[in-house]
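Asker: Read top to bottom, the protein sequences are chains P and E.
Here the first sequence is numbered in the working numbering, starting from 1 and rising by one per residue.
Here the second sequence is numbered in the working numbering, starting from 357 and rising by one per residue.
Cβ atoms here follow ideal geometry from the backbone N, Cα and C, with glycine treated the same way.
Below you will find the structure I want to go over with you.
Number of protein chains: 2
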Amino acid sequence: MTEPRVDVDAWSCPVPLRDHPVVVTGHGGGGRLSAELTRHLFLPALGDAATGVLTRLDDAAVVRAGPTRLAVSTDAFVVRPRFFPGGDLGTLAVNGTVNDVAMAGAVPCWLSAAFVLEEGLALDELHALARSLGGAARDAGVELVAGDTKVVGRGQADGLYVATTGIGLLAPDVDLGSHRVRPGDVVVVSGPIGRHGIAVLSVREGLEFGTELRSDCAALHRPVQALLRAGVDVHQLRDPTRGGVAATLNELAAAAAVGMVVTERALPVPEAVRAACGFLGLDPLEVANEGCFVALVARDDAERALEILRGDELTRDAVVIGEVVVDHPGTVVARTGIGGTRVVDLPLAEQLPRIC
Amino acid sequence: MTEPRVDVDAWSCPVPLRDHPVVVTGHGGGGRLSAELTRHLFLPALGDAATGVLTRLDDAAVVRAGPTRLAVSTDAFVVRPRFFPGGDLGTLAVNGTVNDVAMAGAVPCWLSAAFVLEEGLALDELHALARSLGGAARDAGVELVAGDTKVVGRGQADGLYVATTGIGLLAPDVDLGSHRVRPGDVVVVSGPIGRHGIAVLSVREGLEFGTELRSDCAALHRPVQALLRAGVDVHQLRDPTRGGVAATLNELAAAAAVGMVVTERALPVPEAVRAACGFLGLDPLEVANEGCFVALVARDDAERALEILRGDELTRDAVVIGEVVVDHPGTVVARTGIGGTRVVDLPLAEQLPRIC
Numbered sequence: 001m002t003e004p005r006v007d008v009d010a011w012s013c014p015v016p017l018r019d020h021p022v023v024v025t026g027h028g029g030g031g032r033l034s035a036e037l038t039r040h041l042f043l044p045a046l047g048d049a050a051t052g053v054l055t056r057l058d059d060a061a062v063v064r065a066g067p068t069r070l071a072v073s074t075d076a077f078v079v080r081p082r083f084f085p086g087g088d089l090g091t092l093a094v095n096g097t098v099n100d101v102a103m104a105g106a107v108p109c110w111l112s113a114a115f116v117l118e119e120g121l122a123l124d125e126l127h128a129l130a131r132s133l134g135g136a137a138r139d140a141g142v143e144l145v146a147g148d149t150k151v152v153g154r155g156q157a158d159g160l161y162v163a164t165t166g167i168g169l170l171a172p173d174v175d176l177g178s179h180r181v182r183p184g185d186v187v188v189v190s191g192p193i194g195r196h197g198i199a200v201l202s203v204r205e206g207l208e209f210g211t212e213l214r215s216d217c218a219a220l221h222r223p224v225q226a227l228l229r230a231g232v233d234v235h236q237l238r239d240p241t242r243g244g245v246a247a248t249l250n251e252l253a254a255a256a257a258v259g260m261v262v263t264e265r266a267l268p269v270p271e272a273v274r275a276a277c278g279f280l281g282l283d284p285l286e287v288a289n290e291g292c293f294v295a296l297v298a299r300d301d302a303e304r305a306l307e308i309l310r311g312d313e314l315t316r317d318a319v320v321i322g323e324v325v326v327d328h329p330g331t332v333v334a335r336t337g338i339g340g341t342r343v344v345d346l347p348l349a350e351q352l353p354r355i356c
Numbered sequence: 357m358t359e360p361r362v363d364v365d366a367w368s369c370p371v372p373l374r375d376h377p378v379v380v381t382g383h384g385g386g387g388r389l390s391a392e393l394t395r396h397l398f399l400p401a402l403g404d405a406a407t408g409v410l411t412r413l414d415d416a417a418v419v420r421a422g423p424t425r426l427a428v429s430t431d432a433f434v435v436r437p438r439f440f441p442g443g444d445l446g447t448l449a450v451n452g453t454v455n456d457v458a459m460a461g462a463v464p465c466w467l468s469a470a471f472v473l474e475e476g477l478a479l480d481e482l483h484a485l486a487r488s489l490g491g492a493a494r495d496a497g498v499e500l501v502a503g504d505t506k507v508v509g510r511g512q513a514d515g516l517y518v519a520t521t522g523i524g525l526l527a528p529d530v531d532l533g534s535h536r537v538r539p540g541d542v543v544v545v546s547g548p549i550g551r552h553g554i555a556v557l558s559v560r561e562g563l564e565f566g567t568e569l570r571s572d573c574a575a576l577h578r579p580v581q582a583l584l585r586a587g588v589d590v591h592q593l594r595d596p597t598r599g600g601v602a603a604t605l606n607e608l609a610a611a612a613a614v615g616m617v618v619t620e621r622a623l624p625v626p627e628a629v630r631a632a633c634g635f636l637g638l639d640p641l642e643v644a645n646e647g648c649f650v651a652l653v654a655r656d657d658a659e660r661a662l663e664i665l666r667g668d669e670l671t672r673d674a675v676v677i678g679e680v681v682v683d684h685p686g687t688v689v690a691r692t693g694i695g696g697t698r699v700v701d702l703p704l705a706e707q708l709p710r711i712c
């Protein structure tokens, strides 16, 4: 029905993929394969209609509706299992999208939810997840304004998927983005990293890592707004979901054409995450989070930023983990505990598929 | 992980379903089972967060962002097969959502798209569908502002699903809705009915019905805006997708607590649709459309409405098919060709699953 048009020669695909190019799990992982799918397939195919804010690939798009600026973001949620310590598909579908809107500096106001249900899904489970979703929306102060439900046959979905879209309002004086990032900015992370990915993995694989680890799944717009309302000179925000802090820092560095240096010792990695990662051979920097954010902040305002964040339960463990530098633009480097340095690469794909 | 909370005693479920309540295909059909899922499960479960515009169950929600009114709508698209005469999953995902926004009387401006891809999907097919989606957005004049891609394993989706959310701007003087519907209003349908459902069915089942029938899949906001800008006294609009004109008229009649009478002879049913429906035992009134709308218009403006609609290629076959009456509120009646009447019921479920 259409002639082949995808030129995969420049992709990072494993070799056989270039002969019979198909979607692989890594295309949904938020790493290099995801970025290639977006850059080499989606953006050229979508064409003119996408030459606006989408091409900037921020967490949320900012558009102007008359005198009002809106932030818009969408995400599909396919997490497996659907219930995990600290959250479930319902809370994730709200908080994930609310956070993307929040990272634009906007106040999330409205949410839509589209469900794809597999025939045979227990109505009790659907009810429980809808209750979680509604509860998370209420807690976040966003209104559910639009919904849709489709049903597919048995074996055509894995229980259910939800896609949410969030719309937020952006105050006139908020200006965040790559264009604001400067060498000298400090890199703040708002809380412990790696919790979501390891929590989901632990129930999925039936692993236990000593103390139970809970996902950090939470809505982050309130601490973000606290920073902005206090006039802290925040330059850019992003939540390190798929691909973890490693992917986020690489994206930020590439977009602003700056280098970044993080101090490994400063990374807030909970003991249970560190143990699990050691056991499984994972890098905590690459594990997904759903309740913390990375902020690039003017150096002079770093202390004030930490003080404000530490006043909120959700972000009380905020720390500075590194800085923006002039050197090696586009590259993120970690100072290791023993005084060396290593490159923190953009992960190729997600270590753990279907993490959100 | 949660105690059972769904009380299905009042549902139209087949008896075995009440003992082991699970999602069935009909819950996605846009008929009575869909309505029950929304009313008895989703709305109570979502709770306070959904007590706003969602509960009105219009095609799109209208919210106020400062001085600006926005119309928001979301839909998941799971059509099978993904390519059909007159359209594909990409054009459908744009036009379906654009039309829901248009039915609120708004001008669609921005669109988000969230993809769920099955591992193994050919990148060429994904590319073709993304091109269709981009082309349809460009044709409709909407900007693609946000996107997301998730990948699930083989056997966990049927190729790909797309959920789109549309945002439109509503002019200050536009006021559509049940509260405006009056006995005496005429029921206008903007073009031939039944084409989308039969076109999809024909390729899915390998059936041929003489001349090839093409889906009516198209964006309808331009003729709608032509009506509104001309000051035609339009009271309510809806596009008769899943469940067809029968479901739409029933929903409109129930929401406004009025009766409706349609004249069967006046229904614009293309010969190929009539033949296919006769052959398959389907009612053309229940077959899905993706490129026509139902308008309830003040009687005095009916002629002017038809004149304006007939000036647009998409709606040149617009006709009056019936009227709003005081009698039998909530019930839709058809005058048959031989002078009798029959009740046009809300379909129980979709005759054809995965039609959009």
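Report the neighbours of residue 276 (chain P) on chain E: residues whose CB is nearer than 8 Å to its CB, in chain order.
Answerer: Stepping through the first sequence from its first residue, residue 276 (chain P) is reached at position 276. What residue 276 (chain P) touches in chain E, judged by beta-carbon distance under 8 Å, is nothing: the nearest beta carbon there is about 22 Å away.
Asker: As a quick exercise: from P:28, P:141 and P:128, pick the residue whose alpha carbon is nearest that of residue 348 (chain P).
Answerer: Taking the first sequence and counting its residues from 1, one reaches residue 348 (chain P) at position 348. Residue 348 (chain P) has its Cα closest to that of P:28, out of P:28, P:141 and P:128.
Asker: What residue range does the alpha helix (DSSP H) around residue 429 (chain E) cover?
Answerer: For this step, residue 429 (chain E) is matched to residue 73 along the second sequence. Segment 424-433 is the beta strand (DSSP E) holding residue 429 (chain E); no alpha helix (DSSP H) there.
Asker: Return the CA-CA distance between residue 344 (chain P) and residue 288 (chain P), expressed in angstroms with no decimal places.
Answerer: Here residue 344 (chain P) refers to the residue found at position 344 when the first sequence is read from its first residue. Here residue 288 (chain P) refers to the residue found at position 288 when the first sequence is read from its first residue. Using only the alpha carbons, I get a separation of about 15 Å.
Asker: Looking only at its own chain, which residues have a Cβ that is under 8 Å from the Cβ of residue 191 (chain P), when we skip the five neighbours before and after it?
Answerer: Against the first sequence, residue 191 (chain P) aligns to sequence position 191. The answer, listed in chain order, is 216, 268, 291, 292, 314, 315, 316, 317 and 318.
Asker: Taking 8 Å as the cut-off, decide whether the C-beta atoms of residue 524 (chain E) and residue 462 (chain E) are in contact.
Answerer: For the purposes of this step, residue 524 (chain E) is taken as the residue at position 168 of the second sequence. For the purposes of this step, residue 462 (chain E) is taken as the residue at position 106 of the second sequence. Their beta carbons are under 8 Å apart, which means residue 524 (chain E) touches residue 462 (chain E) by this criterion.
Asker: Along the stretch 540-565 of chain E, what residues have a CB closer than 9 Å to any CB found in chain P?
Answerer: none
Asker: To the nearest angstrom, report how far apart residue 438 (chain E) and residue 146 (chain P) are at their CA atoms.
Answerer: Your numbering for residue 438 (chain E) matches position 82 in the second sequence. Your numbering for residue 146 (chain P) matches position 146 in the first sequence. Roughly 25 Å separates the two Cα atoms.
Asker: Work out the CA separation of residue 493 (chain E) and residue 723 (chain E) for me, nearest whole Å.
Answerer: Because chain E is modelled from 357 through 712, residue 723 (chain E) falls outside the range shown and cannot be assessed.
Asker: Is residue 592 (chain E) near residue 652 (chain E), with beta carbons less than 8 Å apart?
Answerer: Start at 1 with the first residue of the second sequence, and residue 592 (chain E) comes out as number 236. Start at 1 with the first residue of the second sequence, and residue 652 (chain E) comes out as number 296. Yes, Cβ-Cβ distance for residue 592 (chain E) and residue 652 (chain E) is below 8 Å.
Asker: Just checking: is the beta-carbon of residue 291 (chain P) within a distance shorter than 8 Å of some beta-carbon in chain E?
Answerer: In the first sequence, counting from the first residue as 1, residue 291 (chain P) sits at position 291. It does not: the Cβ of residue 291 (chain P) has no partner Cβ on chain E nearer than 8 Å.
Asker: Within the same chain, show all residues whose beta-carbon is closer than 7 Å to that of residue 30 (chain P), passing over the 5 residues directly before and after it, in chain order.
Answerer: Within the first sequence, residue 30 (chain P) is the residue found at index 30, counting from 1. If we look at residue 30 (chain P) and ignore the five residues flanking it on each side, its Cβ neighbours are 241, 242, 243, 247 and 350.
Asker: Using a C-beta to C-beta distance shorter than 8 Å, which residues of chain E count as neighbours of residue 25 (chain P)?
Answerer: Looking up residue 25 (chain P) in the first sequence gives position 25. Result: 475, 507 and 509.
Asker: So the beta strand (DSSP E) residue 236 (chain P) belongs to, where does it begin and stop?
Answerer: Residue numbering aside, residue 236 (chain P) sits at position 236 when the first sequence is read from its first letter. 234-238 is the span of the beta strand (DSSP E), which, as asked, contains residue 236 (chain P).
Asker: Considering only residues of the same chain and omitting the five flanking positions on each side of residue 71 (chain P), which have a CB-CB separation below 6 Å?
Answerer: Locating residue 71 (chain P) in the first sequence gives position 71, where the first residue counts as 1. Closer than 6 Å at Cβ, skipping near neighbours: 60, 62, 101, 104, 106, 168 and 170.
Asker: Let me confirm a value: residue 78 (chain P) is counted as buried when at least 16 other C-beta atoms fall within 10 Å, else exposed. Which label applies?
Answerer: Counting from 1 along the first sequence, the entry for residue 78 (chain P) is found at position 78. It is buried - the Cβ of residue 78 (chain P) has at least 16 other Cβ atoms within 10 Å.
Asker: Inspect the CB distances between the stretch 512-523 of chain E and the stretch 462-482 of chain E and report whether three or more fall short of 8 Å.
Answerer: In short, these stretches touch, since the Cβ pair count reaches three.
Asker: Going by C-alpha distance, which of E:697, E:635, E:609 and E:655 is nearest residue 535 (chain E)?
Answerer: Numbered from its first residue, the second sequence carries residue 535 (chain E) at position 179. Considering only alpha carbons, the answer is E:609.
Asker: Could you tell me if residue 340 (chain P) is buried or exposed, where buried requires 16 or more neighbouring beta carbons within 10 angstroms of its beta carbon?
Answerer: Counting from 1 along the first sequence, the entry for residue 340 (chain P) is found at position 340. Counting Cβ neighbours within 10 Å, residue 340 (chain P) comes out exposed, since fewer than 16 surround it.
Asker: Tell me which same chain residues have a C-beta within less than 8 Å of the C-beta of residue 689 (chain E), skipping the five on either side of it?
Answerer: In the second sequence, counting from the first residue as 1, residue 689 (chain E) sits at position 333. If we look at residue 689 (chain E) and ignore the five residues flanking it on each side, its Cβ neighbours are 615, 616, 617, 618, 697, 698, 699 and 700.
Asker: Would you mind telling me which residues of chain E sit closer than 8 Å to residue 74 (chain P), beta carbon to beta carbon, in chain order?
Answerer: In the first sequence, counting from the first residue as 1, residue 74 (chain P) sits at position 74. Those are 468, 469, 470, 502, 503, 504, 519 and 521, listed as they occur along chain E.
Asker: Could you give the uninterrupted runs of the beta strand (DSSP E) lying entirely in the stretch 91-130 of chain P, keeping only those of 3 residues or more?
Answerer: When DSSP assignments are scanned along the stretch 91-130 of chain P, the uninterrupted stretches of beta strand (DSSP E) that are 3 or more residues long and fall wholly within it turn out to be 107-118.
Asker: Of all the CB atoms in chain P, is at least one closer than 8 Å to the CB of residue 604 (chain E)?
Answerer: Locating residue 604 (chain E) in the second sequence gives position 248, counting from the first residue. Judged by the 8 Å Cβ criterion, residue 604 (chain E) is not in contact with chain P.
Asker: What residue ranges within the stretch 228-274 of chain P form continuous alpha helix (DSSP H) runs of no fewer than 4 residues, ordered along the chain?
Answerer: 244-256
Asker: Whose CA, out of E:580, E:514 and E:638, lies closest to the CA of residue 554 (chain E)?
Answerer: For this step, residue 554 (chain E) is matched to residue 198 along the second sequence. Among E:580, E:514 and E:638, the Cα nearest to that of residue 554 (chain E) belongs to E:638.
Asker: Using three-state DSSP, classify residue 142 (chain P) as helix, strand or coil.
Answerer: Mapped onto the first sequence, residue 142 (chain P) falls at position 142. Residue 142 (chain P) falls in the coil class under three-state DSSP.
Asker: Among E:507, E:601, E:550 and E:489, which has the Cα closest to the Cα of residue 468 (chain E)?
Answerer: Mapped onto the second sequence, residue 468 (chain E) falls at position 112. Measuring from the Cα of residue 468 (chain E), the nearest candidate turns out to be E:489.
Asker: Alpha carbon to alpha carbon, how far is residue 709 (chain E) from residue 355 (chain P)? Give it in angstroms, no decimals.
Answerer: Along the first sequence, one-based indexing puts residue 355 (chain P) at 355. Along the second sequence, one-based indexing puts residue 709 (chain E) at 353. Distance between the alpha carbons of residue 355 (chain P) and residue 709 (chain E): 30 Å.
Asker: If you draw a straight line from the alpha carbon of residue 218 (chain P) to that of residue 67 (chain P), how long is it in whole angstroms?
Answerer: To locate residue 218 (chain P), count along the first sequence from 1; it is residue 218. To locate residue 67 (chain P), count along the first sequence from 1; it is residue 67. CA-to-CA, the gap between residue 218 (chain P) and residue 67 (chain P) works out to about 31 Å.
Asker: Quick one: what does DSSP say residue 336 (chain P) is sitting in, helix, strand or coil?
Answerer: Here residue 336 (chain P) corresponds to residue number 336 of the first sequence, with the count starting at 1. Secondary structure of residue 336 (chain P) (DSSP, three-state): coil.
Asker: Once the 5 residues before and after residue 659 (chain E) are set aside, which same chain residues still bring their CB inside 6 Å of it?
Answerer: Mapped onto the second sequence, residue 659 (chain E) falls at position 303. Here the set comprises nothing.
Asker: Would you say residue 483 (chain E) reaches chain P, if we count a Cβ-Cβ gap shorter than 8 Å as a contact?
Answerer: The sequence position of residue 483 (chain E) within the second sequence is 127, counting from 1. True, the Cβ-Cβ gap to chain P drops below 8 Å.
Asker: Counting contacts by CB-CB distance shorter than 8 Å, is residue 641 (chain E) in contact with chain P?
Answerer: Position 285 of the second sequence, counting from 1, holds the residue named residue 641 (chain E). Chain P contact via Cβ: absent.
Asker: Looking at the structure shown, is residue 560 (chain E) part of a helix, part of a strand, or coil, going by DSSP?
Answerer: Sequence index remark: in the second sequence, residue 560 (chain E) carries index 204 (1-based). In this structure, residue 560 (chain E) counts as helix in the three-state DSSP scheme.
Asker: In whole angstroms, what is the alpha-carbon distance linking residue 228 (chain P) and residue 91 (chain P)?
Answerer: The residue you call residue 228 (chain P) lines up with position 228 of the first sequence. The residue you call residue 91 (chain P) lines up with position 91 of the first sequence. If you draw a straight line from the Cα of residue 228 (chain P) to the Cα of residue 91 (chain P), it comes to about 25 Å.
Asker: Below 8 Å on the Cβ atoms is my guess for residue 472 (chain E) versus residue 76 (chain P); work out the distance and round it to an integer in Å.
Answerer: Within the second sequence, numbered from 1, the residue matching residue 472 (chain E) stands at position 116. Within the first sequence, numbered from 1, the residue matching residue 76 (chain P) stands at position 76. Contact flag correct, Cβ pair sits at about 5 Å.
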